[in-house]
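Residue numbers (numbering that gives the first Met the number 0), protein chains in the order written: chain H, 0 to 248; chain Z, 0 to 309.
Backbone N, C-alpha and C fix where the C-beta goes; we use that ideal spot for every residue, glycine too.
Working notes, structure below.
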Amino acid sequence: MTSLVTDTRVVFSRELRPVLRDPFTVIFSMIQPLFFLGLFAPLLPDSPDGGSPLQWFVPGIIVMSCLFGSSMTGSNLLYEMQTGSHERMLVTPLRRPALLIGRALKEIVPMIAQAALIVAVCIPFGFELHLAGALLGLVILAGFCIGLGALSYTLALASKNKEWMFWTVQQTLLFPLLLLAGVLLPIENGPGWLQALSRINPMTYVVDAERALFNGEVLARGTLEGLVAAVLVGLLGLAAGVRAMRRSD
Amino acid sequence: MIETRELTKHFKDVRAVDGINLTVARGELVAILGPNGAGKSTTLRMLTTLIPPTSGSAEVAGFDVVRHQREVRLRIGYIGQGNGAGHSQRGRDELISQGRAYGMGVRAARTRADELIESLGLAEVANRTVSTLSGGQRRRLDIAMGLIHAPELLFLDEPSTGLDPQNRANLQEHILRLRAEHGTTIVLTTHYLDEADSMAERVIVIDHGRIIADDTPRQLKAKHVGDRVILGFAGPDGAAEAARASGGEQRGAQVRITSDDGPRLAARLAALGPDSIEVVRPTLDDVFLTLTGRSLREDASAPESELVEA
């Protein structure tokens with residue numbers, strides 16, 4: 000007999016297969032983060048202690064790449080809803096939660112590949128990798144991207160027959176989340192209202208945690224806050240996504 | 000295999016399906032015929048657990064479609080209007096995933112996928128990305144996916160829409176073979192009259208969400224329309240005489256007579272000495288026209304006829 004775990008594994012490996020067959024697709028969704036890395040990072044001033052500004056900038060770009068990739072992933076489901084393969088899967092005995100969880104879990108794989116690629120590109124330019132912290136950073140980021148992916152699928156399910164709605168909502172939310180998390184410029188010197196908005200953006204805590212962890216500060220207070228924020232986004236996304244999937248026809 | 004009681008589906012104010020009572024026995028091949036928007040697909044979507052009925056109930060393969068969705072899903076195959084295989088996937092991968100979705104082990108799923116690829120003639124395209132396949136190839140892949148778990152009951156929603164005549168014939172042949180070899184119960188919806196006529200031994204006509212006729216194609220035609228025998232003469236005089244003798248209706252140099260058994264009547268009327276005898280058999284469209292006052296045909300083409308030289 001199958002279980003939720005087996006079902007999830009079936010969905011997960013099905014989703015992953017096109018990525019493994021054509022690894023180049025991993026790069027498509029990270030083109031914008033790579034532009035920021037190449038065209039924006041050189042404008043950053045050296046940090047006060049004389050270190051490379053990349054130590055501050057790169058962890059944020061890794062989170063950005065995860066944000067861009069995971070938030071777009073619902074478009075795959077949207078497409079499968081149009082072609083009929085989603086409907087075909089709804090008639091199989093696969094459990095509804097597995098249809099969502101398996102898809103959301105798959106987001107971890109391109110996220111890790113993208114993070115590894117960004118780090119590899121930046122090391123020759125003076126980026127210093129602290130492996131243990133970075134690995135823990137990826138664990139936190141995994142929770143965050145599962146949640147984002149699940150929310151993107153939720154949006155896709157809600158946008159049935161209204162593809163424009165998916166892209167409008169996704170594009171509208173993308174940059175506010177990014178800027179308010181202080182990925183490109185620090186928020187600390189901004190006006191109070193901007194700082195207040197930044198504090199209610201869960202991505203802020205994830206970015207702060209990644210900055211600490213990628214610089215080897217494993218025991219920073221920000222690590223715990225980032226973990227909590229990522230887990231909350233993960234759980235919220237899965238809850239919303241499973242609910243939407245149960246209602247899908 | 001299927002038993003529905005007053006099955007009903009409302010979408011806001013629209014009664015898409017309006018109290019359908021339907022019984023399908025094991026091994027039947029049933030075509031549900033009706034114009035677009037008649038409620039065919041909605042009925043099928045309820046029977047396949049995709050949408051819950053507003054009221055009424057349905058038992059499919061022995062289980063209630065609302066209370067025991069999983070049991071129903073395990074036992075049925077469904078080939079929808081769209082393409083079941085993901086466009087960015089490869090056909091063989093999708094077949095194996097589909098087998099896994101029905102609880103098959105990897106090895107069993109792989110073996111079964113190979114079998115279906117072979118029998119549906121997909122060997123050359125199974126390892127290609129689905130988006131590169133032709134419409135006919137994709138449709139065959141859809142069928143393979145619907146059959147992966149050898150279901151006892153197979154639903155097909157408008158299986159041949161969008162296919163060219165050759166692929167359509169090919170598809171019909173596959174469906175008939177499936178039934179001959181495995182005794183699968185098959186329910187398909189269609190708005191192609193010839194498809195319903197040539198494949199199904201039972202045709203259910205649906206209009207405005209209700210069943211308006213349910214019988215074999217032959218019985219439907221005999222009961223609702225009948226054959227027409229048309230006698231042709233050199234001029235109106237001969238026709239008038241023959242009309243009097245046969246009780247038919249004269250139209251110029253022709254006489255028309257309706258009958259349950261056109262060919263037999265034609266043989267008998269040959270004695271009247273007409274120049275030509277034509278037997279016009281009714282089509283399911285004639286049946287539909289009689290029942291609803293509307294035609295199902297988008298393009299009104301000539302009815303099927305048998306010309307008998309006298």
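Amino acids of chain H, ordered along the chain, whose beta-carbon sits closer than 7 Å to that of residue i
i: Z/S96; result: V9, R13
i: Z/L73; result: P92
i: Z/G79; result: G83, E86, R87
Contacts of residue i in chain H (Cβ-Cβ under 8 Å)
i: Z/L49; result: E86, L89, V90, D248
i: Z/R111; result: Simply none; closest approach about 14 Å.
Contacts that residue i makes with chain Z (C-beta to C-beta distance below 9 Å)
i: H/R220; result: In chain order: nothing, as chain Z lies at least about 43 Å away.
Simplified DSSP assignment, three categories, for residue i
i: Z/Q80; result: coil
i: H/K159; result: coil
i: Z/L49; result: coil
i: Z/Q249; result: strand
i: Z/V279; result: strand
i: Z/T183; result: coil
i: H/I111; result: helix
i: Z/F62; result: strand
i: Z/S133; result: coil
i: Z/L155; result: strand
i: Z/V307; result: For Z/V307, the pLDDT reaches just 44, beneath the cut-off of 50, and the residue's location in the model is therefore unreliable, although a value from the coordinates is still provided. It is a strand residue.
i: H/T91; result: coil
i: H/V57; result: helix
i: H/V206; result: helix
i: H/Q194; result: helix
i: Z/I1; result: strand
i: H/V62; result: helix
CB-CB length for residue i against residue j, believed under 8 Å
i: H/N126; j: H/V182; result: The residue you asked about is not Asn; residue 126 of chain H is Phe in the sequence shown. The pair is not a contact, with the Cβ atoms about 16 Å apart (cut-off 8 Å).
i: H/F165; j: H/L53; result: Between H/L53 and H/F165 the Cβ distance is about 34 Å, and since that is not below 8 Å, they are no contact.
i: H/L177; j: H/I186; result: Between H/I186 and H/L177 the Cβ distance is about 12 Å, and since that is not below 8 Å, they are no contact.
i: H/T153; j: H/A243; result: 5 Å
i: Z/Q80; j: Z/D156; result: 5 Å
i: Z/V286; j: Z/H190; result: Actually they are not in contact, since the Cβ atoms of Z/V286 and Z/H190 sit about 14 Å apart, beyond 8 Å.
i: Z/L283; j: Z/L192; result: 5 Å
i: Z/D206; j: Z/V279; result: With 8 Å as the limit, Z/D206 and Z/V279 do not qualify as a contact, their Cβ atoms being about 24 Å apart.
Beta-carbon proximity list for residue i, same chain, < 7 Å, skipping 5 on both sides
i: Z/E151; result: A60, R74, T183, T184
i: Z/G85; result: E93, V129
i: Z/R25; result: M0, T184
i: Z/E305; result: Because Z/E305 sits at a pLDDT of 41, beneath the cut-off of 50, its placement in the model cannot be relied upon, and the following sentence gives the value as read from the coordinates. The residues are V278, R280.
i: H/V217; result: A131, G132, L135
Neighbouring residues, chain H, relative to residue i (Cβ below 9 Å)
i: Z/N82; result: T82, G83, S84, R87
i: Z/H223; result: Near Z/H223 there are no residues of chain H at all, since even the closest Cβ is about 35 Å away, more than 9 Å.
i: Z/H86; result: Y78, E79, T82, S84
i: Z/M45; result: Near Z/M45 there are no residues of chain H at all, since even the closest Cβ is about 10 Å away, more than 9 Å.
Sequence-distant residues of the same chain with beta carbon closer than 6 Å to residue i, five excluded per side
i: Z/E248; result: R255
i: H/F143; result: V205, A229, V232
i: H/T7; result: A97, I100, G101
i: H/A40; result: F56
i: H/R95; result: M244, R245
i: Z/P34; result: L295
Chain-order list of residues whose beta-carbon lies under 8 Å from that of residue i (same chain, five-residue window excluded)
i: Z/I203; result: L21, V29, A30, I31, L32, I210, A212, D213
i: H/F213; result: Q54, V57, P58, I61, L128, H129, G132, A133, G136
i: Z/A239; result: Q249
i: Z/L121; result: G90, L115, Q136, R139, L140, A143
i: H/M71; result: S28, S151, Q169
i: Z/Q171; result: S159, E194, S197, M198
i: Z/A299; result: For Z/A299, the predicted model reports a pLDDT of 40, less than 50, meaning its position is unreliable and no value from the coordinates is stated.
i: H/L76; result: H85, R102, Y152, A155, L156
i: H/G215; result: H129, A131, G132
i: Z/A301; result: Its pLDDT being 39, under 50, Z/A301 is placed unreliably in this model, and the value from its coordinates should be taken loosely. There are no such residues.
Where the beta strand (DSSP E) containing residue i begins and where it ends
i: Z/A199; result: Where Z/A199 is concerned, there is no enclosing beta strand (DSSP E), given that its DSSP letter is neither H nor E.
i: Z/K222; result: Per DSSP, Z/K222 belongs to no beta strand (DSSP E); it is in the alpha helix (DSSP H), 216-223.
i: Z/L230; result: 226-231
i: H/T5; result: Looking at the DSSP string, H/T5 is not in any beta strand (DSSP E); the run it does join, the alpha helix (DSSP H), is 3-20.
i: Z/V71; result: Unbroken run through Z/V71 is the alpha helix (DSSP H), 68-74; no beta strand (DSSP E).
i: Z/L28; result: 28-32
Span of the alpha helix (DSSP H), counted from its first residue to its last, around residue i
i: H/L226; result: 220-246
i: H/S74; result: 73-82
i: Z/A15; result: That residue, Z/A15, is in no alpha helix (DSSP H); its beta strand (DSSP E) goes 13-23.
i: Z/A265; result: 261-268
i: Z/R111; result: 105-118
i: Z/I95; result: 90-100
i: H/T24; result: 24-27
i: H/L33; result: 30-34
Neighbour list for residue i in chain Z, Cβ cutoff strictly below 8 Å
i: H/E162; result: Residues of chain Z passing the Cβ test: none, with the nearest at roughly 15 Å.
i: H/R198; result: What H/R198 touches in chain Z: nothing, since even the nearest Cβ is about 40 Å away.
Interface residues of chain Z facing residue i [CB-CB closer than 7 Å]
i: H/P17; result: S87, Q88
8 Å Cβ cut-off: residues of chain C touching residue i
i: Z/A100; result: Looking for chain C here will not work: the only protein chains present are H and Z.
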